[in-house]
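Right, one structure below, let's go through it.
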Amino acid sequence: MSIARQLVRGFRNLLRRKYADEDIADEVDSFFAEAKADFEACGLTAHDAARATRMALGSSTALREQVRSYGWENIVNGIFQDLRYTLRRLRATPGFTVVSIVTLALGLGATTAIFSVINGVLLKPLPYAHPEQLVSLWMTAPGVKIEDLNMAPSVYFTMADEARAFQAVSIWTSGTTSITGNGEPEQVSAIFASHELLPILGVKPQLGRLFAAADDDPKGTRTVMLSDGYWRSHFGGDRSVLGRRLLIERNTVSMIGVLPPSFQFMDRKADLLIPLRFDRAKTNLGVFSFLGVGRLKSGVALKQADADLGRMLPLVMQRFPPPAGYTAKMYEDVRIAPNLRLLRDDLVGDIGNMLWVLMATVGIVLLIACANIANLLLVRAEGRQQELAIRTALGAAWTRIARELLFESVTLGVVAGVVGLGLSWAALKLLSASDLVRLPRARNIQIDAWVVLFATVTSITVSVLFGLIPIVRYAKPQIANALRGGGRSMSASRDRHRVRGLLVVVQVALALILLVTSGLMIRTFGNLHQVDPGFTNAAEIQTVRIAIPDEQVKEPERVVRMEQAMLDKISAINGVRSVSITSSVTMGDYESNDPVYAEDKTYREGTLPPLRRFKWIAPNYFKTMGQRMLAGRDLRWPEIYNSRPVALVSENTAREMWGSPQAAIGKRIRTTVKDDWCEVFGVVGDEHTDGVEKRAPTIVYWPIFQKNFEAGPVNVQRAVAFVIRTPRAGSIPLRDELRNAIWSINANLPLANVETVETLYDRSLERTSLTLIMLAIAGGMALLLGIVGIYGLISYSVSQRTREIGIRLALGAPIAQVTRAIVRSGLILSAIGCACGLGAALMLAPLMKSLLFSVSPSDPLTYAATSGSLILAAALASYLPARRAAKVDPVEALRAE
Amino acid sequence: MAGVDTEFAIPINLDVHLLTIIMSGRYPVIASMNSTNTDVIQGTLDMLILKTLSLEPMHGFGIVRRIEQITQNVFKVNAGSLLTALQRLERYGWLAADWVVTQNSRRAKVYRLTQMGRKQLQNETADWQRRSAAISRLLKAQA
């Protein structure tokens, strides 16, 4: 009974089907011949002997079939037969086949595409060894209402010395720097990190060495590591770069290694990896402006790490002095506490919720598509009732019939799955090319083995699901009824339509859920657009960033003069209406917070006043941005050069500190107790600099050149952005003219962030935009499919009831009554579906609360509007076939059979 | 082929869950049987076939005749079961078959026992004897 023999024999018979069949046929015939001879030997005539044989043995065909059916290859053969038959049947009805495949492919394609996004962004682990040990070192400062506090060098030094729960910690940040010395300065992106970063990630260089502790010493030689891309593009992959020098911002830096091509960290672009060098002797408690990452020791839980950091934070206070103008007690009152999270969660952020909502949405669309196809299959099976009844009467087992019906649906499902996979591949290519949404870990989004597996499993599951519905109804036909075929005396039975009606109800309910979510998103989007962001007509505001380094221009006042000269040059450009300077553009990325004391208030000894957002500006900033001036006036240039201590505040700051914008004028504020008091002489409207869905932070605007500020003698903004109001914003010629204007003053400054404020605004809304687009598309598809479903059902029932309608019309029923009855049947189904959908939507909508803005998940307007439009559409879908019914000629209907 | 013509052969119902037999009629007719305990009958049929072929190689119909003859018409074999069993045994490697021309110049597929088949026959015979001995003991047992 060896398996090998079974397999070999089976294959042989499979391939040489005819030969095997002939063999068996011959054997059966020979058996019959021997039996006949035996009878003849008993004395019967040839004729009688033949008859006796047949009576004894039965039909030779039946015997042949019985013998043939042995062997596993018969099952395989049966499957192939079914497959061929199914393909032939599907080819014979191209309309049905194409419609089902297209509908299903759209649903499956959308589901697969969203799954591959979820797979790449949420499910795949980070590409480092033991990624679950990697932790982002965030802290929180409830005393000054900062939820996420960045890393500071003082904390890093203490953790490096004292940490018990961590294998290693590293402090880092990312940004840009410029490579000089080769003519035009070249802007490059860089990650700045202490030497532990690469060992923490487990990254090995492909050339050269990693950083060591000596590279972090400010007094040592400067070193740098190159990324693989930069190495290949700028040095052609030359292995002799080690030891050679680069000029980075006028400093000579030695290249000591090249990172591997697979290196990526927190989605930051990095051409270079540069050591962060802190002078420990000069480090104080401030400067919480960095990021931290650490690797936990194996077996250590996040809670233990939290406790460890909590233990070390008081040590930080003891070992490092507070910055000038602050006391140690202030830092204690801030109550800095640990707020660690996994690196993965930090990277992915809160996009998980949006992605799962999208997944649910496309899942619902898929279900609706399946309901449609199940309906179509039911109609198809009903058409085959007679054939199936005959086969059952002839002895077919219902499993055989069920297998055939299932084959049809699985074939449809598999083909649609393949087409859907192709569609999702195209969609992903489109997504990555369009830069529509910056998703974290976007590099990981691709069609890989998991996605293909998901597509396969989903298409088979879905096709089995909707394939079962006609099987349950039709695999065991009621033979008597079916053979009678249609029935002179019968019209459509209620029972038949119950399942189809149920499917339509389900479709309508699901479609309503999607329409409600789309409606809520539309309202959210509308509400977001209503918020005044703090500027007007963003498409006309161009921005460009520069940074004037210490080494180039040492004296602060010269920096300001240089900046003003650039301003003058820019305002001379054709089309420029107004231009100014700011340290951080609204909804850009460079934000800074610090405490603000008011002269007319008293503060308890050693406590910190609330932190406010700081921005440094030049005159005309508000005019350029289009912000409203609520009280007082704007800065003037003479005040800047005299460094008169002045400031402006935003409306919410004024209200919070003094009650009203008018009350703020004349008040005096400062940021540390060592500073001069600055007079507030202007109040402007709120600026939603963190994005319109968040509250506008309280902002204080300082001049770009100040004396006695933050306990330093002079403060000047070297890294600034020019904001330019011009109708030509965003055009290439304008960009060139800007560059020429700036370089005519100082040719050694690379330009960065050349974009319009409109880009920044759209980018801040991109997540909502994407969700809205996808939900709207899904809602539209769902509505279409639902309407098609209703139309199909009513239309079919009308065609089945032609006789009945004919009889009624012949008996004198008014046409309007017949039409009304038909429309009513359709409306009843839709109403039931609507009601179920409303209930389900009320239960499910709160799940998407985080995506909504100032609209409640049970907003009555949205619910009413969507159900109203759905009922209307359903009425239309029922009315069209009803009109056809009205045109039935009673005589024709009664005659036709 | 022994033309044993027994009139009104009395059927013996060996009601020991091993076989059911259907009455034979006037002619040595091979009645079609609704096999209810197919798996058990299948096992016994295999042993009968192997034993028959151990005496001499023969074709399908000949096996039927020989079984009837030796068991004196107690066991009747269904044509479909036999031919299927022959396929199965050949697949297992216990039988080998060739097409030959018989003396009546008819083509027939003649089966013979292989080495593996002989071994299998020994095993099955031993198994059967063990079982029937146990049942005999059971039947003989007093209260």
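Note that the protein sequences, when read in sequence, are chains A and B.
One point on numbering: in this note's numbering, the residue at position 649 of the first sequence is 649, and numbering is uninterrupted.
One point on numbering: in this note's numbering, the residue at position 10 of the second sequence is 10, and numbering is uninterrupted.
All C-beta atoms in this analysis are idealised placements derived from N, C-alpha and C, irrespective of residue type, glycine included.
For the stretch 56–69 of chain A, residues whose beta-carbon sits nearer than 7 Å to a beta-carbon of chain B comprise 56, 57, 58, 63, 66 and 67. Within chain B, the residues 83 have their CB atoms less than 8 Å from the CB of residue 28 of chain A, given in chain order. With contacts defined by Cβ atoms closer than 8 Å, residue 567 of chain A and residue 594 of chain A do not form a contacting pair.
Taking 8 Å as the upper bound for CB-CB distance, residue 257 of chain A and residue 197 of chain A are not in contact here, some 13 Å apart. Taking a cut-off of 8 Å on C-beta distances, the stretch 847–867 of chain A touches the stretch 509–516 of chain A, as three or more cross pairs fall below it. Taking the Cβ atoms as the reference, residue 316 of chain A lies roughly 5 Å from residue 158 of chain A, within the contact range of under 8 Å. Using a CB distance cut-off of 8 Å, residue 50 of chain A does not count as an interface residue toward chain B. Note: residue 594 of chain A is bridge-paired with A:612 in the DSSP secondary-structure output.
At a beta-carbon threshold of 8 Å, none of the residues of chain B lie near residue 54 of chain A; the nearest stands roughly 12 Å away. Counting C-beta pairs with one atom in each stretch, the stretch 540–556 of chain A and the stretch 681–700 of chain A have fewer than three that are closer than 8 Å, which means they do not touch. In the three-state reduction of the DSSP assignment, residue 31 of chain A falls in the helix class, which pools H, G and I. Closest option to residue 289 of chain A, judged by alpha-carbon separation, among A:739, A:281 and A:276: A:276. When secondary structure is reduced to three states using DSSP, residue 814 of chain A falls in the coil class, being assigned neither helix nor strand.
Put simply, the CB of residue 75 of chain B is far from chain A, with every gap to its CB atoms at 8 Å or more. Judged by beta-carbon spacing, residue 647 of chain A lies beyond the 8 Å limit of residue 673 of chain A, meaning their Cβ atoms are not closer than that value. Separation of residue 557 of chain A and residue 588 of chain A (C-alpha to C-alpha, rounded to the nearest whole angstrom) is 26 Å. Per DSSP, the unbroken alpha helix (DSSP H) holding residue 370 of chain A starts and ends at 351–383.
When DSSP states are grouped into helix, strand and coil, residue 626 of chain A belongs to the coil group. For residue 675 of chain A, the three-state secondary structure derived from DSSP is coil. In terms of Cβ geometry, residue 504 of chain A and residue 790 of chain A form a close pair [threshold 8 Å]. Counting only runs of at least 3 residues, the stretch 654–733 of chain A fully encloses the following beta strand (DSSP E) elements, listed from N- to C-terminal order: 668–670, 678–684, 699–703, 705–709, 712–716 and 719–725. In this structure residue 135 of chain B is exposed. Its beta-carbon is surrounded by fewer than 16 other beta-carbon atoms within 10 angstroms. Per DSSP, residue 98 of chain B is not a residue of any alpha helix (DSSP H); the beta strand (DSSP E) it occupies stretches across 95–101. With a beta-carbon spacing of about 6 Å, residue 115 of chain A and residue 451 of chain A fall inside the 8 Å limit used to define contacts. The continuous beta strand (DSSP E) containing residue 257 of chain A extends over residues 251–258. Looking at the DSSP output, residue 601 of chain A shares a beta bridge with no other residue. For residue 34 of chain A, the C-beta contacts it makes with chain B under 8 Å involve 59, 60, 61, 62, 106 and 108, in order along the chain. Exclusion of the five residues before and after residue 185 of chain A leaves 178, 748 and 750 as the residues of its chain whose Cβ lies within less than 6 Å of its Cβ. The CB of residue 66 of chain B never comes closer than 9 Å to any CB in chain A; the least such distance is about 12 Å.
In its chain, beyond the 5 residues on either side, 357 have a beta carbon closer than 6 Å to the beta carbon of residue 848 of chain A. In this structure, the alpha-carbon of residue 756 of chain A lies about 14 Å from that of residue 576 of chain A.
Collapsing the DSSP output to three states places residue 448 of chain A in coil. Within the same chain, and ignoring the five residues on either side of residue 349 of chain A in sequence, the residues whose Cβ sits closer than 7 Å to its Cβ are 440.
Residue 292 of chain A sits in a strand when the DSSP states are folded into three classes. Neighbours of residue 117 of chain B in chain A, taken as residues whose beta carbon is under 7 Å from its own, are absent, since the nearest beta carbon is some 12 Å off.
For residue 71 of chain A, there is no enclosing beta strand (DSSP E), as DSSP marks it with neither H nor E.
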